[in-house]
Amino acid sequence: DISINYITLLLECERDSRTFKYIFIIICCLVKMCYFIPVTSLGANKLAFTFISYIYCLYGTLDNVILD
Numbered sequence: 017d018i019s020i021n022y023i024t025l026l027l028e029c030e031r032d033s034r035t036f037k038y039i040f041i042i043i044c045c046l047v048k049m050c051y052f053i054p055v056t057s058l059g060a061n062k063l064a065f066t067f068i069s070y071i072y073c074l075y076g077t078l079d080n081v082i083l084d
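Taken in order, the sequence shown gives residues 17 to 84; the numbers are from my numbering.
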């Protein structure tokens, strides 16, 4: 199981000519491992791509996803 949330209303951070304003948070409930991933937008396409790039490659297909 994993839990997904995000942090908004942050100060802008520029890195590699991209401006990040949000943090995408993913927590593995089994081992309590947290991933804090800076993202430029909260659009569905961007979050899905980020999820596949960072989490799916590590955990594969998940049984449960908890959204807050």
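Glycine included, each C-beta is placed from N, C-alpha and C at the ideal position.
These figures come from a predicted structure and were not determined experimentally.
- Message: Could you compute how far the alpha carbon of Y51 sits from the alpha carbon of I39?
- Response: In the sequence shown, counting from the first residue as 1, residue 51 sits at position 35. In the sequence shown, counting from the first residue as 1, residue 39 sits at position 23. Their Cα atoms are separated by approximately 10 Å.
- Query: In this structure, does DSSP put C50 in helix, strand or coil?
  - Reply: Within the sequence shown, the letter at position 34 stands for residue 50. Strand at C50.
- Query: Ordered along the chain, which non-local residues of its own chain (more than five positions away) have a Cβ less than 6 Å from that of D84?
  - Reply: Along the sequence shown, one-based indexing puts residue 84 at 68. Here the set comprises N21.
- Message: I need the straight-line Cα distance from L74 to N61, nearest angstrom please.
- Response: Position 58 of the sequence shown, counted from the start, is the residue given in the question as residue 74. Position 45 of the sequence shown, counted from the start, is the residue given in the question as residue 61. Going by the C-alpha atoms only, they are around 20 Å apart.
- Can you have a look at F67 and say buried or exposed, based on whether 16 or more other CB atoms are within 10 angstroms of its CB? Counting from one through the sequence shown, the residue named residue 67 turns up at place 51. So F67 counts as buried.
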